[in-house]
Structures are given as structure tokens and as C-alpha cells.
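A.B. asks:
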Amino acid sequence: MNTIFYTLQAAQQPAGGGASMWIMLLAIFVIMYLFMIRPQRKQQKELQKFRDGLQKGDKVVTVGGIYGEIVEVKDKTALIKVDGDVKLRVDKQSLVKDFSEAEQGAAK
Numbered sequence: 176m177n178t179i180f181y182t183l184q185a186a187q188q189p190a191g192g193g194a195s196m197w198i199m200l201l202a203i204f205v206i207m208y209l210f211m212i213r214p215q216r217k218q219q220k221e222l223q224k225f226r227d228g229l230q231k232g233d234k235v236v237t238v239g240g241i242y243g244e245i246v247e248v249k250d251k252t253a254l255i256k257v258d259g260d261v262k263l264r265v266d267k268q269s270l271v272k273d274f275s276e277a278e279q280g281a282a283k
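Last residue of the sequence shown: 283 in the numbering used here, with the numbers rising by one and none dropped.
1. Quick one, are the C-beta atoms of Q261 and V236 less than 7 Å apart?
2. Leaving out five residues before and five after R264 in sequence, what residues of the same chain have Cβ atoms less than 7 Å from its Cβ?
3. Considering only residues of the same chain and omitting the five flanking positions on each side of K283, which have a CB-CB separation below 8 Å?
4. On the CB-based measure, 16 or more other CB atoms within 10 Å of its CB, does D233 come out buried or exposed?
5. Restricting to Cα atoms, I'd like to know which of K256, D250, R213, V257 is closest to D266.
6. Would you identify the three-state DSSP class for I203, choosing helix, strand or coil?
7. Taking all protein chains shown into account, decide if G243 is buried (16 or more other Cβ within 10 angstroms of its Cβ) or exposed.
8. Taking buried to mean at least 16 other C-beta atoms within 10 Å of its own C-beta, is I198 buried or exposed?
9. Strictly by DSSP, which residues pair up with A253?
10. May I ask you to report which of helix, strand or coil DSSP gives D258?
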């Protein structure tokens, strides 16, 4: 009999801690934003700035790992000189790194 009484009494009490659950969930989203989304957006902005600032003579690397020097830049494409007379027209989105600055830093 006492067991039934205690069970009914426990069922009637309101469950607390609803606000703390929401605070914890919000904290998880904030941490996820700070450590995952924000750095990725920053990296994308830097990459877009790099692609918009491409000029003739810049030494670049493509997504596929091809190194070359820019000969001509158009709206969405770039012509890169790979070796000797070999030239490739590539989409600007496939250019990922400028290695002319890295060479200058290594030479010093």
C-alpha cells in the first residue's frame, strides 16, 4: 500500500530541469559554431579573396596538385603555364594555393 502511495506522489511532482536542458543544448550549438562553422567560413573567405586577386605571374597549385604560373586571368578561368610550352586552362575554383610567397619565405 505504501509503495502505491509513494508512486502516485512521485508521479504528481512536476519534473524540473527543463531550462537547464535548453541551456546545455544552446551551449553545445555555440561551441559547435565557434570550433567548426566559424573557422570554415573564415577559410572560405580567404580562399575567395585569393582567387579574386589572381594576377599574371602568380605561382599557384591546383586541387589536383599541378604547379604552374599564371599567364592569363579571365572571369572564371585562368591559363597556367605548367612546363615549357605546356599551358592549361583551369577553373579559378580549382586553384587553392599561391606558392610564390612560400618560395620567397624559404629563400630568406
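Cβ atoms here follow ideal geometry from the backbone N, Cα and C, with glycine treated the same way.
C.D. replies: Walking through what the data contain:
1. Position 86 of the sequence shown, counted from the start, is the residue given in the question as residue 261. Position 61 of the sequence shown, counted from the start, is the residue given in the question as residue 236. As written in the sequence, residue 261 is Val, which differs from the Gln given in the question. Their beta carbons are not under 7 Å apart, which means V261 does not touch V236 by this criterion.
2. On the sequence shown, position 89 is the one that residue 264 refers to. Same-chain partners within the cutoff: T252, L254.
3. In the sequence shown, residue 283 corresponds to position 108, counting from 1. Note that K283 has pLDDT 48, beneath the 50 cutoff, so the model's placement of it is unreliable and the number below is only indicative. The answer is none, since no qualifying residue turns up.
4. Translated into the one-based positions of the sequence shown, residue 233 becomes position 58. Under this definition D233 is a buried residue.
5. By one-based count along the sequence shown, residue 266 stands at place 91. Proximity to D266 across K256, D250, R213, V257 peaks at D250, based on C-alpha coordinates.
6. Translated into the one-based positions of the sequence shown, residue 203 becomes position 28. Here I203 sits in helix by DSSP.
7. Residue mapping note: residue 243 aligns to position 68 of the sequence shown, counting from 1. Under this definition G243 is a buried residue.
8. Translated into the one-based positions of the sequence shown, residue 198 becomes position 23. With fewer than 16 other Cβ atoms within 10 Å, it is exposed.
9. Along the sequence shown, read from residue 1 onward, the residue named residue 253 stands at position 78. Beta-bridge pairing links A253 to V248, V265.
10. Here residue 258 refers to the residue found at position 83 of the sequence shown. D258 falls in the strand class under three-state DSSP.
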